[in-house]
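**Q**
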Amino acid sequence: MKAAFLPDRGVVRITGDDTRSFLNNLITSDIAALVPGSARFGALLTPQGKIVADFLVTEGPAGNGGSLLIDCPRELAQPLATKLGFYKLRAKVTVENLSDRLGVLAVWDGEPAVKPDLSFADPRNATLGYRILVPADLAEKTAAIMGAELIDETGYEAHRIACGVPRGGIDFAYGDAFPHETNMDRMAGVDFDKGCYIGQEVVSRMQHRGTTRTRIVPVTLDGATPVAGTEIRAADKPVGTMGSSAGGNGLALVRTDRATDALDAGAALLAGDITIHLTDPEAVRAFATKKTA
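Residue numbers (this note's numbering): 4 to 296.
(1) With H, G and I counted as helix, E and B as strand and the rest as coil, what does DSSP make of Phe290?
(2) Here's the rule: buried if 16 or more other CB atoms are within 10 angstroms of the residue's CB, otherwise exposed. What is Thr185?
(3) To the nearest angstrom, report how far apart Met209 and Lys86 are at their CA atoms.
(4) Can you tell me which residues form a DSSP beta bridge with Val60?
(5) Do Asp179 and Lys53 have their beta-carbon atoms positioned less than 8 angstroms apart in this structure?
(6) In or out: Ile73 buried (at least 16 other Cβ within 10 Å) or exposed?
(7) What's the C-alpha gap between Glu160 and Thr18?
(8) Would you call the CB atoms of Ala46 and Pro182 closer than 8 angstroms?
(9) Measure the C-alpha to C-alpha separation of Ala176 and Lys144 and round it to an integer number of angstroms.
(10) Would you decide whether Gly269 is buried or exposed? Buried here means 16 or more other CB atoms lie within 10 Å of its CB.
(11) Taking Ser207 as part of the alpha helix (DSSP H), name the residues at either end of that continuous run.
(12) Using CA atoms only, rank isn't needed, just tell me which of Val14, Arg288, Asp283 and Leu254 is closest to Asp260.
Written out as structure tokens, the structure is:
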């Protein structure tokens, strides 16, 4: 079993009597039934339905004042805390950026011998493993207690990519991507039965009308690793953009209709001069033809 402390992740805490209802009315996932030891994947959107920040939400253990803790990109932690503070109005909540005191340890490739406080299974994909909110100076000790070998964060990045889970800022741009494009709908990141939240009308329309033309999809690589942001072309036509990659695997944001046309024509997909292959071409074909996302 492996573990890695993720320096790119931060933690935001929300406390107060209205904590649960306050956050539930803002984000894409339903946290009404959230309990300590579990988590939800979700996002705060713009009114136009684009992702401001995506994150994992867990509840602190009993007796800590009913706080919710948000595992989010560290560079977005303070902007997210500020944004949530803007929305609180008269809600009885306090929002704090704890990223200088608390970080994120990822554990995968096995079942932990012990599950400390503030640990939870990653809700996006079971193979991703577990997350533990812990100070950086306790990461090695925590990993040892759980029976895991602490390795460099690049090992976790390769694991994440192999699991097909996008990372904001590399695989998609914050403020420019819809939840469906980043597969949040396929990773339990959007609850289509909950009440209103910011951007809900746009996301619901995309779900029911099937207007999503782009998706992040897993790919395999021939030879070298293309730089994130490299344009993907087929027969000199743009198909998409390369995202993160490691160990022969990658993620790419593609127009599913154009990728399907390339498949039908037998045209190679090229990121620069590197040939890439769709890991699941039939899934991409299905995305292009479905009337619902």
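Even for Gly, the Cβ is constructed at its ideal location relative to N, Cα and C.
**A** Answer, in terms of the structure:
(1) helix
(2) buried
(3) 25 angstroms
(4) Arg43 and Ile73
(5) yes
(6) buried
(7) 31 angstroms
(8) yes
(9) 35 angstroms
(10) exposed
(11) Gln203 to Arg212
(12) Arg288
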